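As you go down the protein sequences, you meet chains Y and D in turn.
Take the first sequence: its letter number 38 is residue 38 in our numbering, and every next letter is one higher.
Our numbering runs 245 ahead of the 1-based position in the second sequence.
All C-beta atoms in this analysis are idealised placements derived from N, C-alpha and C, irrespective of residue type, glycine included.
Fair warning: this is a prediction, and the values are worked out from it, not measured in the lab.
For reference, the structure is listed below as structure tokens.
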Amino acid sequence: MNLSIKKLLVLVALLMGVPALGMAEADFFRDGVVAYEAGRYESAAHSFKASLDKHVFAGTLLNLGLAEWQQGHTGEAIAAWEQSAWLNPFDPGARINLSQARERAGLDPLELTRCEIASTWLPPGLWAGMATLSLWLAVAMVTLPEFFRRRKAGWHQTLSALALGLFLLSLAPNIGVLTRANTGILTGKNTSLRRTPTPSGEVVVTLAAGESCRRLRVRGDDWLVHTRRGNGWIERQQAQLLRVE
Amino acid sequence: MAAFGSANAQTASMTLPEQLMRSQPATDLLAPATCTASFDPPQIGPGEKSIYRITFNAPEISIRRPASIPAPTPLHLHWRASGQNLQIIGNVAQTFSTFNYEAVPTMPGSFTLPEFNVEVYGKPVTVPAATLVVKSQRTEPAELARQLVVEPAANRVFVGEPLNVSVRLQATPAHGVEGVSQLQLNGDGFVTDKSAARQSIQTLKKNGVPLPAFVYETRITPITAGTIKLSAQGYTAGMQFSGPVVISGQVSLSSGPPQYLLLDSEPVTIEVLPLPTGNELPGFNGAIGHFSCDPPLLATNRLAVGDPVQLTVIFRGSPNLDRLHPPLPPRTPEWQIFPATPGGSVAAAGTNPPGALFHYTLIPLSYAPRATPAIPFSCFDPALGCYLDLTIPPVPVTLPAANAGSDVDTAQLLAEDVPGSSQSPGWSRLAATPGPRSALLGPLQLHPWFWFVQGLPVLGFIGLGMWERRRRRWEQHPEWRRLREARRALRRARSVLERAADDADFLRGAVSALQIACAPHYPATPGALVCGDILQMLPAAEREGEPGKTVRRIFAAADTAAFAANTATRSNVSDERVRLKKILANLEERL
Chain Y
1 MNLSIKKLLV LVALLMGVPA LGMAEADFFR DGVVAYEAGR YESAAHSFKA SLDKHVFAGT
61 LLNLGLAEWQ QGHTGEAIAA WEQSAWLNPF DPGARINLSQ ARERAGLDPL ELTRCEIAST
121 WLPPGLWAGM ATLSLWLAVA MVTLPEFFRR RKAGWHQTLS ALALGLFLLS LAPNIGVLTR
181 ANTGILTGKN TSLRRTPTPS GEVVVTLAAG ESCRRLRVRG DDWLVHTRRG NGWIERQQAQ
241 LLRVE
Chain D
246 MAAFGSANAQ TASMTLPEQL MRSQPATDLL APATCTASFD PPQIGPGEKS IYRITFNAPE
306 ISIRRPASIP APTPLHLHWR ASGQNLQIIG NVAQTFSTFN YEAVPTMPGS FTLPEFNVEV
366 YGKPVTVPAA TLVVKSQRTE PAELARQLVV EPAANRVFVG EPLNVSVRLQ ATPAHGVEGV
426 SQLQLNGDGF VTDKSAARQS IQTLKKNGVP LPAFVYETRI TPITAGTIKL SAQGYTAGMQ
486 FSGPVVISGQ VSLSSGPPQY LLLDSEPVTI EVLPLPTGNE LPGFNGAIGH FSCDPPLLAT
546 NRLAVGDPVQ LTVIFRGSPN LDRLHPPLPP RTPEWQIFPA TPGGSVAAAG TNPPGALFHY
606 TLIPLSYAPR ATPAIPFSCF DPALGCYLDL TIPPVPVTLP AANAGSDVDT AQLLAEDVPG
666 SSQSPGWSRL AATPGPRSAL LGPLQLHPWF WFVQGLPVLG FIGLGMWERR RRRWEQHPEW
726 RRLREARRAL RRARSVLERA ADDADFLRGA VSALQIACAP HYPATPGALV CGDILQMLPA
786 AEREGEPGKT VRRIFAAADT AAFAANTATR SNVSDERVRL KKILANLEER L
């Protein structure tokens with residue numbers, strides 16, 4: 001897949017309900033870049049966060065991750081890059097930074113299922129749009145000629161078969177998108193993974209900031225998460241999901 | 246041979262406990278109970294004491310000891326000790342029970358304890374009479390009552406402080422040195438460490454005269470504060486020793502069968518002090534003594550998160566190392582530490598006393614630790630009278646990924662390169678534009694409106710399906726469509742008729758409405774119908790009645806208005822409006 005096709009796919013995916021970039025957001029982004037280049041990383045992170053107040057931008061998230069990393073906030077940086085890669089998997093920047101940060105911090109990414117691996121190939125919105133369009137195109141190619149008293153041509157059937165195949169192929173990535181939406185990054189330093197959802201629960205293992213986790217269950221303000229080092233309960237504010245609830 | 250073979254087979258079929266039991270001599274339980282009684286020694290001087298000893302050939306539990314012994318008035322008897330032992334006589338074992346009383350005469354003379362009965366196995370057994378002679382003055386050196394001597398290492402100790410105690414039986418001119426069996430310490434408020442017992446035969450001076458003595462050394466630990474009265478008792482056992490004996494010096498040992506005599510000692514008093522409170526150090530778990538802690542040894546200093554590592558600790562010092570409990574590890578979120586396991590003892594080396602070795606297993610749970618946690622521990626030193634800090638110090642460790650989550654380490658990493666700059670390899674550049682954007686960060690599939698949008702195509706296809714179905718139905722029943730269209734056209738024609746401004750418009754509209762209302766029944770084009778066709782659609786009664794006349798007049802007036810110059814009948818036609826409305830209503834009902 002060459003770069004132009006990738007850009008086209010991203011454009012299609014992001015055209016779904018995408019508002020125009022507001023002036024305030026652009027200003028905040030510009031301020032963040034200036035502050036970062038001046039070495040004022042805390043101010044840069046603040047500006048990038050302000051830019052993400054209403055809408056999320058893959059590039060802004062990438063820069064936010066860099067600013068957080070410069071402040072030593074490993075968890076927040078990895079979370080921002082994961083979100084950037086979630087939005088725009090075609091940008092290698094987020095993946096490079098994630099790889100570099102995890103190598104330096106001695107962290108391992110979460111083990112993804114095959115569906116989830118497939119879901120990382122395209123933006124989540126594109127998978128949803130692809131499934132929607134292909135399904136209804138297949139249905140339309142089967143039904144519309146009959147409705148309009150047109151003779152079914154060969155291209156009708158070919159297009160229907162292709163659309164149906166595309167729909168079936170997009171099912172697994174869509175499932176992967178749904179399950180990957182429950183993955184997250186631990187942002188708290190030395191997060192205690194407890195056996196029970198109580199503050200005095202037995203600590204199973206203590207995890208460093210930036211560790212990946214998968215949310216399995218929610219009870220109040222506590223999450224039951226799966227990590228590479230075991231399952232346990234954490235507090236909601238100790239982790240950041242890839243998706244914003 | 247057959248009998249021998251049978252016995253062997255029987256023995257082989259027995260279990261080991263059965264074989265052991267059968268190999269022991271039989272216990273004599275049928276012999277009649279007898280009793281002996283004597284004073285030891287039978288002659289004493291003024292101020293001296295004798296031991297009145299009663300011995301039964303029966304277990305102690307079967308004997309009902311009398312509450313008081315019928316002794317003469319000048320002789321006071323005090324109970325001292327009792328015990329039982331098993332003696333092999335011939336090829337049977339017999340149990341003997343002995344009761345010791347201390348006899349203290351208050352005046353010289355010869356005192357005879359009369360015989361009296363004691364209940365043994367529920368039957369009376371006569372205790373024979375015994376005589377004690379108390380001389381007013383000693384004329385020749387006499388044998389004193391043999392007894393054990395208890396000597397504690399100290400008379401003032403703290404609770405929990407180990408105390409060495411020796412029990413001594415010194416030889417006399419009449420009795421050579423001999424061992425003591427079934428030796429036990431009597432008293433309350435202490436525990437005896439039998440594993441620390443040692444036996445020896447040494448030469449000790451008594452009244453300046455060196456005499457061999459059997460010495461039994463053991464260790465007790467007071468467990469309650471207060472005063473302990475400690476005494477000992479045991480049986481003389483001749484040259485039979487219950488364990489290894491260390492003999493030092495020139496000692497002559499006499500052979501011959503032992504004479505089992507129950508001996509006891511005068512009680513000694515030990516004052517037990519409570520531990521000082523209020524200034525205990527962390528980690529105090531009852532260790533009392535003078536201890537020291539060697540530097541802890543870690544199996545490796547380079548660790549990995551989740552991998553166990555062993556920490557070895559050696560405590561040296563007091564002889565009661567075997568009673569030393571290692572401190573419990575602290576609970577820390579960064580480490581999982583298992584309680585220590587004993588690793589054996591360590592021999593003394595140079596000036597270092599022997600020690601006890603313990604192993605802790607530690608598992609680092611995060612990358613943060615730089616050292617093992619300190620394990621608090623302390624002991625109470627009785628010699629100093631204060632608590633000593635024996636905390637196991639931290640040991641530096643290295644975790645390869647210890648930089649995660651640490652501000653300092655991240656800063657060190659950042660000193661190497663600056664992510665986001667074009668010069669930093671391995672990092673992306675700073676994004677120049679916000680890039681692709683989205684109104685939401687999350688899967689579309691989880692938003693309600695996504696599923697609402699999915700409903701729109703569904704509705705479209707349902708609508709198309711319904712439209713197609715109706716179209717097919719009309720194709721199968723064209724009359725339904727004609728009637729429906731006729732109804733619609735008739736409603737429009739009646740509307741036009743209502744708005745007719747003059748008679749000509751009214752007549753045109755009336756004819757058109759009648760034609761539209763009747764055309765579907767033929768079927769025919771409405772404009773092709775004439776008056777007769779309309780009349781055919783009316784019921785016979787109406788056709789000849791007033792409605793028929795009205796239809797004829799309307800068609801005639803319409804023809805006249807269309808083709809004649811005379812318009813005199815216009816006013817008459819206008820009067821037909823009401824009747825025409827009724828006719829059209831009847832025709833519409835048939836559509």
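In the same chain as TYR461 of chain D, and ignoring 5 residues on each side of it, the C-beta atoms closer than 6 Å to its own belong to VAL412, LEU428, GLN444, in chain order.
For HIS226 of chain Y, no alpha helix (DSSP H) encloses it; the enclosing beta strand (DSSP E) starts and ends at 222 to 227.
In this structure, ALA762 of chain D sits near LEU832 of chain D, with a CB-CB distance shorter than 8 Å.
Taking 8 Å as the cut-off, the beta carbon of TRP725 of chain D is found closer than this to the beta carbon of TRP719 of chain D. In the DSSP annotation of this structure, the continuous segment of the beta strand (DSSP E) that includes ASP634 of chain D starts and ends at 631 to 634. DSSP places GLU360 of chain D outside any alpha helix (DSSP H), giving it a letter other than H or E. Beyond the five residues adjoining it in sequence on each side, PRO571 of chain D comes within less than 6 Å, by CB distance, of ALA585, PHE603 in the same chain, given in chain order.
About 6 Å separates the CB atoms of SER476 of chain D and VAL395 of chain D; that is less than 8 Å, so the two are in contact. Chain D places a beta carbon closer than 8 Å to that of THR143 of chain Y, counting this residue as a contact. When secondary structure is reduced to three states using DSSP, TRP69 of chain Y falls in the helix class. When Cβ-Cβ separations below 8 Å define contact, PHE706 of chain D makes contact with chain Y. Under DSSP, HIS323 of chain D forms a beta bridge with D:GLU347. Contact of LEU122 of chain Y with chain D is not assigned, every C-beta pair being separated by 8 Å or more. By the Cβ criterion, the region 197 to 210 of chain Y is in contact with the region 218 to 228 of chain Y, since at least three pairs of Cβ atoms, one from each stretch, lie closer than 8 Å. The beta-carbon separation of LEU358 of chain D and ALA316 of chain D, rounded to 6 Å, stays under the 8 Å limit for a contact. Cβ atoms of ALA209 of chain Y and THR74 of chain Y come within 8 Å of each other, at about 5 Å. The contact set of PHE147 of chain Y on chain D, defined by CB atoms closer than 7 Å, consists of LEU709, GLU713 in chain order. With the rule of 3 Cβ pairs closer than 8 Å, the region 420 to 440 of chain D does not count as touching the region 333 to 340 of chain D. Comparing alpha-carbon positions, the option among D:LEU701, D:GLY705, D:ALA809, D:LYS826 lying closest to VAL756 of chain D turns out to be D:LYS826.
Near chain Y, meaning a CB-to-CB distance below 7 Å, the residues of the region 563 to 589 of chain D are PRO578, GLU579. Using a 10 angstroms sphere on the CB of ASP91 of chain Y, the tally of other CB atoms reaches 16 or more, which defines it as buried. A residue is called buried when at least 16 other Cβ atoms come within 10 angstroms of its Cβ; TYR41 of chain Y meets this threshold and is buried. The Cβ-Cβ distance between ASN174 of chain Y and LEU241 of chain Y does not fall below 8 Å. Straight-line measurement puts the Cα of ASN362 of chain D at about 20 Å from the Cα of LEU275 of chain D. When beta bridges are read from the DSSP output, SER683 of chain D appears opposite Y:VAL56. The beta strand (DSSP E) runs of length 3 or more contained entirely in the region 262 to 346 of chain D are, from start to end of the chain, 280 to 285, 295 to 301, 320 to 334. Check the Cα spacing between PRO489 of chain D and each of D:PRO277, D:ILE446, D:GLY501: the tightest is with D:ILE446. Close to chain D, meaning a Cβ-Cβ distance shorter than 7 Å, are the following residues of the region 198 to 231 of chain Y: VAL203, VAL205, THR206, LEU207, ALA208, ALA209, GLY210, ARG229. Chain Y places no beta carbon closer than 8 Å to that of ARG615 of chain D, leaving this residue out of the contacts. Contact of ARG674 of chain D with chain Y by beta-carbon distance below 8 Å involves GLY93. Assigned with DSSP and collapsed to three states, ALA163 of chain Y falls in helix.
Counting every other CB atom within 10 Å of its CB across the protein chains shown gives GLY471 of chain D a total below 16, marking it as exposed. In the DSSP assignment, the residues bridged to ILE620 of chain D are D:ILE637. The beta-carbon of PHE167 of chain Y is placed no less than 8 Å from the nearest beta-carbon of chain D. The beta carbon of LEU162 of chain Y sits closer than 6 Å to none of the beta carbons in its chain outside the five residues before and after it. Excluding sequence positions up to five before and after ARG219 of chain Y, its CB lies within less than 7 Å of the CB of PRO197, all in the same chain and listed in chain order.
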